[in-house]
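Heads up: the structure comes next, in structure tokens.
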Amino acid sequence: MSDLRFGLMLMLFGMGLVFIILALLWGVIAIFQRIDRRLLSESEDEPLPADIRAPVAEIPAELMAAILVALERYREEETAPIRGRRPKQLEPTQARWVAVGRAYQLRSNITPRRKRS
Amino acid sequence: MSDLRFGLMLMLFGMGLVFIILALLWGVIAIFQRIDRRLLSESEDEPLPADIRAPVAEIPAELMAAILVALERYREEETAPIRGRRPKQLEPTQARWVAVGRAYQLRSNITPRRKRS
Amino acid sequence: MSDLRFGLMLMLFGMGLVFIILALLWGVIAIFQRIDRRLLSESEDEPLPADIRAPVAEIPAELMAAILVALERYREEETAPIRGRRPKQLEPTQARWVAVGRAYQLRSNITPRRKRS
Amino acid sequence: MDLLTTLFAGLNSLTWGATLMLAIGGGLIYLAIVKEYEPVLLLPIGAGAILANLPLSPLVGEDGLLGILYNAGVANELFPLLIFVGIGAMTDFGPLLERPHMLLLGAAGQFGIFGTLFLALLLGFDINEAASIGIIGAIDGPTSIYVSNLLAPHLLGPIAVVAYSYMSLVPIIQPPIMRALITKKERRIRMPYSENPVSRRTRVLFPILVTVVVGLLVPMAIPLIGMLMLGNLMKESGVVERLVGASSNEIANVVTLFLGLAIGATMQADAFLRKETLLILILGIFAFGLDTAAGLLFAKFLHWITRGPLNPLIGAAGISAFPMAARVVQKVAQEEDFENFLLMHAMGANTAGQIASVVAGGVVLALFAAR
Amino acid sequence: MDLLTTLFAGLNSLTWGATLMLAIGGGLIYLAIVKEYEPVLLLPIGAGAILANLPLSPLVGEDGLLGILYNAGVANELFPLLIFVGIGAMTDFGPLLERPHMLLLGAAGQFGIFGTLFLALLLGFDINEAASIGIIGAIDGPTSIYVSNLLAPHLLGPIAVVAYSYMSLVPIIQPPIMRALITKKERRIRMPYSENPVSRRTRVLFPILVTVVVGLLVPMAIPLIGMLMLGNLMKESGVVERLVGASSNEIANVVTLFLGLAIGATMQADAFLRKETLLILILGIFAFGLDTAAGLLFAKFLHWITRGPLNPLIGAAGISAFPMAARVVQKVAQEEDFENFLLMHAMGANTAGQIASVVAGGVVLALFAAR
Amino acid sequence: MDLLTTLFAGLNSLTWGATLMLAIGGGLIYLAIVKEYEPVLLLPIGAGAILANLPLSPLVGEDGLLGILYNAGVANELFPLLIFVGIGAMTDFGPLLERPHMLLLGAAGQFGIFGTLFLALLLGFDINEAASIGIIGAIDGPTSIYVSNLLAPHLLGPIAVVAYSYMSLVPIIQPPIMRALITKKERRIRMPYSENPVSRRTRVLFPILVTVVVGLLVPMAIPLIGMLMLGNLMKESGVVERLVGASSNEIANVVTLFLGLAIGATMQADAFLRKETLLILILGIFAFGLDTAAGLLFAKFLHWITRGPLNPLIGAAGISAFPMAARVVQKVAQEEDFENFLLMHAMGANTAGQIASVVAGGVVLALFAAR
Ligand code: NA
Ligand code: NA
Ligand code: NA
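Residue numbers (my numbering), protein chains in the order written: chain A, 2 to 118; chain B, 2 to 118; chain C, 2 to 118; chain D, 732 to 1102; chain E, 732 to 1102; chain F, 732 to 1102.
Here you go:
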């Protein structure tokens, strides 16, 4: 019997609490929304990425796939030399530094005081 | 001495059991094979994937690789919007829904009762 | 007070030890360097991979990316049939064996004693 | 011969119960492979059930692999919580942030929890068992596992099986209820779509604030909501892609496999083959239906008081079961009006349901702790 | 000065044994890197041996990293079993399902286990040690580790090292035995190739049935065969690619690294530098040879009684050592007849050997339990 | 009503301390996301701090998720050591092997450890605390965590936070010191670049030899240096790509997430909100500055005695903080002479600093053990 009463209480308080908490979250988000809109009307805020992706649908999917792979590779190679961000690409990037640096240094060694002369 | 006798028993029973169990598995598979063949002769069953892949050898490997990558991407994008299957692709798919849905909705909002009129 | 004295000792011994150990490592590497150079002057040793990668910079990065993907795929398919090295590719390789083997065997079955005749 | 008797001890100790459990394990694998009902969980659960019910299996017990997995991640709640990080890292709360009032529909979609709880009490389950059965109505696997493992661990097996296998039945359970409760005219209601761009700031602050607000009000909900929102924070931050990847791939996959096996291993004949399991199977359906009905009726009520363009169908998406429920809404709406596009609204309600499920789980635990 | 003495306690406590073990660790790394002998296991084992034998290493013992890894996954058998899931997820039993009679060749290829066991007994090892050494004849790393860890954990180090380093010697050990036991004429036998398409149903049911049949007969084999077949079931089901990927990549790689390190750490000087280790090195070669010979002779016997087109060479593939043994068969056959294509048949025998190895491991454990 | 009081126990037990800690957690997340200061660690640390400081959080304590993670990998030092394997697997010691004398600059860059230690002693910290604070001067996260967890675990939270958040300040802290201590003329020195090809043999032997040499001399350094070099050995071996991938991706990512959360959870109000934490914040900056100054002055000294073309700026790269410090050197050098290319030399000093940091950590532990 006590179980049943507790069950009823669980039902009432439970649903009540769930509603209260979610209503509260609604309020919090609503405040943020208002701030967002105010800031948006003042200046241009970063829009949803979805808008950018929309025209994608017109490109054939296979071509899209190939482009995506290529771009991803490119992005990975160009960015990411900081250790801990994209570890896989650390080495090749370093190797490129080595290469560039060496070519440069070797040349500048031949005429080491070029600039100061 | 007892160890040696147990060792001998291990050898005899061990090899015996291994043979018995594997023979049993043979029997089980054989039954399945028979069922498979019967069903195959009745209707066309799904054949081994190997047969499908056989002509692959004629395509240059590099081209094959590129096609594979592209197809994989394509497959991933087209299928898989259910959470928990291919999680990586969930978001772009959603974004596409968003985009399509919005374009559609915005248009249908201008003439909201077009259909009913 | 004892803490302070131990702290001082930590400082002196600590820096000392760090220097000694790293100097020792320097010595070890220097020996290796000498061996390397001797062997290099005798025969051609494998150079740093960086040198090989240097001209890479002239190829547009996107093209490079596509080539890399394709080559990687190719390499994965051609090598790696040993279990435990590149597990993902085991099956396709097997399937190719199956295909090649079957095509071959089926043909050779028609004229099974061709060679001995 | 004595050796042979001992040798074939396995065959000798095969009971009818174990045989039935082997069949049930096989049945779950059938559902997973042929029907594709949540295969990533039902296949390991089925396999775990078979491996645990083979007589004298060394895999069960403290020292067996399945026992080790159970203690490593189920008994201490680690696995469901880690899965939540992955779910958070995959969920896009954008549609909800654009229409935050959808949160109320999420709340309504949890009524099944409490209704089923009460019904289970009436059917003779004790209060802890009843609450664990009710939590099937969260329609969210990890929440069900988390809560039932704390309140009634002996029912974990059937509850998890029901939670995951019914999840796939959402497209079968919901449409009849939707057609019964919502009139044709209401189903044709179109919802205007106004864009509410959500700034990155809001997207990043949202998981933090939800954690703090819910955590302050219902401390028992901190693990569930905190892990879900941790995953989402990492995703929206955009600066820790490595961790997002690890959470939604490596961790999620490995943990899912281990969790499934460990749960399957709890399905041992004497614990599973009882009339309680049968009742749970029935109560589970009831929970799903009650959730849907409550969501629909509450949406209908909102439509009535606001007199606004709110299609009551989207109430059905408040149950969570992401993203199946949202798609069911879109499908049923299109039956009446092919050009009606409710999906984005339904997605908002759907992610609201996800949050509400977790909050409800925490609330149930909190009420028990406060008892 | 006292501080310096304590400071250089490491150098002071360096023994000849530890120095030799450091060299042996280096040797394993040499085999792994230069000879490419199973590098994924021999490199971590060698590194573990070095890290554990450096004097006063804080990595060993209950609180050291290597001790923690040992207790987390070797002592409780977790790691070898998880590796089995990955192996199962990578193995294609198709060639075996097309020619199931190959299972008998797999059985014959396990004779080395029992022959070596008996020889080890004669050489003075006790019965548990003898069985652990014999299991090297399973020619399957995880099985050797699983069984020897249960029967004679103090021999785990040398047994694991032998099991993995000899695996790479298969192409060196087998051919002379094949040429000695099989006549030139027999080696030229071509085997007709008839296609037996295997349905997806069979492929999916196979792992389940093997688990149930073997599990009912030999409960002690459930962990080994169950995990192997769980992996294969996931692979063949085609619906849980995420879990297959996790098993064969993430889990397999991480566990392999940890297992190797933990096994290397068991190779401490006083435990490893004994004449037993030397005997195990010799008995290991013997086990490999005996397996091959038994497989070949049994295949010869089958050829003789069936009078059918069965090239006895494929008996050598029954030892497991997948897929090296199958390739050795193909290579030796081609020496005599370049157009002879035995590979598919050998692959069948090879995967049969994998199953038979696991069954034999379970049988040995069962016979010990029934003693 | 009594139930409500118990229900809102969370809100009731919110203290000012906890509120401040929630804000600090938010601040760390801000640094991680907006300032991008080592986000992979600061974001989980901040999240852990929030989750642990929410009143009555079930995540803390022995049975809470965060407590479980702490015991599983922080208390036993597992996580920092596993991260070292990943770091080793990502580090290219080539530039150092070409110019091994850079090792001395790495040694000099550790002076901040001992100087800060002494200063902390003067400020009233006890010797264990002082050494833990000093080790911030290793400017290497895992080393700081490893050492401070052994010597003064109660300071782990602030030390880890300082170690990781200051790491990102290297480009702000170093340049003024460099311009102050090194004259314009010295900064213009160009360093000739001669190629010293490094054979694969040397690259593979290097990690083994470093482990053995350092391990024999300083056994307490074996875990740190051994794991770092294990990762590098696997990388340079070129034969275990699977294990390298697992170490530098799966293991590193998962462990980083768990480590961050567990460290964040140590930041509970009563342990964190003390004047010691403030002092550690100040001493941390001091350690970074002292490291840089010592490195620069030692390089200047080397330039003076060798009279060779050694630009003293590269001394600043000896502090470790790889690869930020090396880039700062290049940037400051280019301010004076745009065509001056010091990066490769600085990279050598930078990886030398990495090794020296680990050695210094081991030396500190060894001196404590020898006390
Ligand atoms: Na729900
Ligand atoms: Na075998
Ligand atoms: Na440093």
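For every residue, glycine included, the Cβ atom is placed at its ideal position computed from N, Cα and C.
Quantities reported herein were computed from a predicted structural model and do not represent experimental measurements.
key: Contact belief for I867 of chain D with A1018 of chain D at Cβ below 8 Å, rounded distance in angstroms   = If you number the fourth sequence from 1, residue 867 of chain D lands on position 136. If you number the fourth sequence from 1, residue 1018 of chain D lands on position 287. The pair is a contact, with the Cβ atoms about 5 Å apart (cut-off 8 Å).
query = What is the DSSP secondary structure of T736 of chain D, reduced to helix, strand or coil?
reply = Locating residue 736 of chain D in the fourth sequence gives position 5, where the first residue counts as 1. Helix, per DSSP.
inquiry  = Which residue marks the beginning of the alpha helix (DSSP H) containing S875 of chain F, and which one marks its end?
reply    = Within the sixth sequence, the letter at position 144 stands for residue 875 of chain F. Per DSSP, S875 of chain F belongs to the alpha helix (DSSP H) from 872 to 882.
inquiry  = Tell me which residue opens and which closes the alpha helix (DSSP H) that M690 of chain F is part of.
reply    = This structure gives no information on residue 690 of chain F, because the portion of chain F shown stretches from 732 to 1102.
key: Within chain F, partners of R690 of chain D - CB distance below 7 Å   = An answer regarding residue 690 of chain D cannot be provided, because it is not within the stretch 732 to 1102 covered by chain D.
message = Can you confirm whether P1043 of chain E, when its beta carbon is compared against all beta carbons of chain D, has any partner nearer than 8 Å?
response = Here residue 1043 of chain E refers to the residue found at position 312 when the fifth sequence is read from its first residue. Contact of P1043 of chain E with chain D is not assigned, every C-beta pair being separated by 8 Å or more.
Selection of the region 945 to 959 of chain D by Cβ proximity to chain F, strictly under 8 Å = Close to chain F, meaning a Cβ-Cβ distance shorter than 8 Å, are the following residues of the region 945 to 959 of chain D: G946, L947, L948, V949, P950, M951, I953, P954, G957, M958.
Chain C contacts made by the region 824 to 840 of chain F, where a contact means CB separation under 7 Å = Hits within the stretch, in order: G825, L828, P831, H832, L834, L835, G837, A838.
query = Looking only at C-alpha atoms, which of E:F849, E:N927, E:A1024, E:G1039 sits nearest to R39 of chain B?
reply = Translated into the one-based positions of the second sequence, residue 39 of chain B becomes position 38. Scanning E:F849, E:N927, E:A1024, E:G1039 for the CA closest to the CA of R39 of chain B turns up E:N927.
ask   = Where Y1108 of chain F and F842 of chain F are concerned, what is the direct C-alpha to C-alpha distance, given to the nearest angstrom?
value = With chain F covering only 732 through 1102, there is no way to say anything about residue 1108 of chain F.
request  = Find the residues of chain F that neighbour I939 of chain D, judging by a C-beta separation of less than 8 Å, and give them in chain order.
outcome  = Here residue 939 of chain D corresponds to residue number 208 of the fourth sequence, with the count starting at 1. What I939 of chain D touches in chain F: G757, I760, I781.
request  = Report the residue from E:P1040, E:L836, E:G777 whose alpha carbon sits nearest the alpha carbon of A1083 of chain E.
outcome  = In the fifth sequence, residue 1083 of chain E corresponds to position 352, counting from 1. Minimum Cα distance to A1083 of chain E is reached at E:L836.
ask   = If you measure beta-carbon to beta-carbon, which residues of the region 838 to 867 of chain E are closer than 8 Å to chain D?
value = Cβ contacts with chain D: none found.
key: Contact set between A869 of chain E and chain D, taken where Cβ atoms lie within less than 7 Å   = Mapped onto the fifth sequence, residue 869 of chain E falls at position 138. Contact annotation for A869 of chain E against chain D: no contact, minimum CB-CB distance about 18 Å [criterion: below 7 Å].
message = Given a cut-off of 8 Å on the beta-carbon distance, is the pair I755 of chain E and L774 of chain E in contact?
response = Counting from one through the fifth sequence, the residue named residue 755 of chain E turns up at place 24. Counting from one through the fifth sequence, the residue named residue 774 of chain E turns up at place 43. Their beta carbons are not under 8 Å apart, which means I755 of chain E does not touch L774 of chain E by this criterion.
key: N- and C-terminal bounds of the alpha helix (DSSP H) containing S863 of chain F   = Taking the first residue of the sixth sequence as 1, we reach residue 863 of chain F at position 132. Start and end: 858 to 865.
key: First and last residue of the uninterrupted alpha helix (DSSP H) at I994 of chain E   = Position 263 of the fifth sequence holds residue 994 of chain E. Here the alpha helix (DSSP H) through I994 of chain E covers 983 to 996.
Collapsed DSSP secondary structure at F842 of chain F in the structure displayed = As a first step, residue 842 of chain F must be located in the sixth sequence, where it is residue number 111. The answer is helix: DSSP assigns F842 of chain F an H, G or I state.
inquiry  = Pairs of beta-carbons, one from the region 925 to 944 of chain F and one from the region 965 to 980 of chain F, closer than 8 Å: are there three or more?
reply    = Contact between the region 925 to 944 of chain F and the region 965 to 980 of chain F is present, because at least three Cβ pairs lie under 8 Å.
key: Min CB distance P928 of chain E to chain B below 8 Å   = Sequence index remark: in the fifth sequence, residue 928 of chain E carries index 197 (1-based). Closer than 8 Å: yes.
Inter-residue Cα distance where the pair is S879 of chain D and V19 of chain A = The sequence position of residue 879 of chain D within the fourth sequence is 148, counting from 1. The sequence position of residue 19 of chain A within the first sequence is 18, counting from 1. Going by the C-alpha atoms only, they are around 19 Å apart.
ask   = By Cβ distance below 7 Å, which residues in the same chain neighbour S978 of chain F in space, the five residues on each side in sequence not counted?
value = Against the sixth sequence, residue 978 of chain F aligns to sequence position 247. Excluding sequence neighbours, S978 of chain F sits near V816, G817, A820, G962, M965.
request  = Taking the CB atoms as reference points, tell me whether L762 of chain E and L992 of chain E lie closer together than 8 Å.
outcome  = Numbered from its first residue, the fifth sequence carries residue 762 of chain E at position 31. Numbered from its first residue, the fifth sequence carries residue 992 of chain E at position 261. Cβ distance not < 8 Å, so L762 of chain E and L992 of chain E don't count as in contact.
query = Does any CB atom of chain D fall closer than 8 Å to the CB of S788 of chain F?
reply = One-based indexing of the sixth sequence puts residue 788 of chain F at position 57. At least one chain D Cβ lies under 8 Å of S788 of chain F.
query = List, in order along the chain, the chain F residues whose C-beta lies closer than 7 Å to that of M965 of chain D?
reply = To locate residue 965 of chain D, count along the fourth sequence from 1; it is residue 234. Here the neighbours are L774.
task = Specify, as a first and last residue, the run of the alpha helix (DSSP H) that A1056 of chain F falls within.
result = The residue given as residue 1056 of chain F occupies position 325 in the sixth sequence. Where A1056 of chain F is concerned, the enclosing alpha helix (DSSP H) stretches over 1055 to 1067.
message = Whole angstroms are fine: how far does the CA of Q905 of chain D sit from the CA of A1030 of chain D?
response = What you label residue 1030 of chain D is simply residue 299 of the fourth sequence in a count that begins at 1. What you label residue 905 of chain D is simply residue 174 of the fourth sequence in a count that begins at 1. Their Cα atoms are separated by approximately 15 Å.
message = Which same chain residues end up closer than 6 Å to R919 of chain D when comparing Cβ atoms and leaving out the 5 residues on each side of it in sequence?
response = Locating residue 919 of chain D in the fourth sequence gives position 188, counting from the first residue. Only E1067, D1068 meet the Cβ criterion.
ask   = Cβ of S1051 of chain E within 7 Å of any heavy atom in ligand 2?
value = Translated into positions along the fifth sequence, residue 1051 of chain E becomes position 320. Checking the Cβ of S1051 of chain E against ligand 2 gives yes.
ask   = G15 of chain A and L852 of chain D: beta carbons closer than 8 Å?
value = Working through the first sequence from its first residue, we reach residue 15 of chain A at position 14. Working through the fourth sequence from its first residue, we reach residue 852 of chain D at position 121. With a cutoff of 8 Å on beta-carbon distance, G15 of chain A and L852 of chain D are scored as not near each other.
query = Considering only the beta carbon of each residue, do L813 of chain D and V986 of chain D sit closer than 8 Å?
reply = Locating residue 813 of chain D in the fourth sequence gives position 82, counting from the first residue. Locating residue 986 of chain D in the fourth sequence gives position 255, counting from the first residue. In this structure, V986 of chain D lies closer than 8 Å to L813 of chain D by Cβ.
task = Would you grab the beta carbon distance between D823 of chain D and Q1085 of chain D for me? Rounded to a whole angstrom, and I think it's under 8 Å.
result = For the purposes of this step, residue 823 of chain D is identified with residue 92 of the fourth sequence, where counting begins at 1. For the purposes of this step, residue 1085 of chain D is identified with residue 354 of the fourth sequence, where counting begins at 1. Not a contact, Cβ separation roughly 11 Å.
message = At the level of alpha carbons, what is the spacing between M1 of chain A and I864 of chain F?
response = Look at the range of chain A in this structure, 2 to 118, and you will see that residue 1 of chain A is not part of it.
ask   = What residues in its chain sit with their C-beta under 8 Å from that of I908 of chain F, if we drop five residues either side in the sequence?
value = Along the sixth sequence, one-based indexing puts residue 908 of chain F at 177. Residues of the same chain with a CB within less than 8 Å of the CB of I908 of chain F, apart from the 5 flanking positions on each side, are G1020, T1023, A1024, L1027, A1047 in chain order.
task = Would you be able to state if there are at least three C-beta pairs under 8 Å between the region 1056 to 1066 of chain D and the region 1034 to 1048 of chain D?
result = In this structure the region 1034 to 1048 of chain D lies against the region 1056 to 1066 of chain D, because at least three pairs of beta carbons, one per stretch, are closer than 8 Å.
Cβ of V1094 of chain E within 8 Å of any chain B Cβ = As a first step, residue 1094 of chain E is located in the fifth sequence; it is residue number 363 there, counting from the start. Yes, its Cβ sits closer than 8 Å to a Cβ of chain B.
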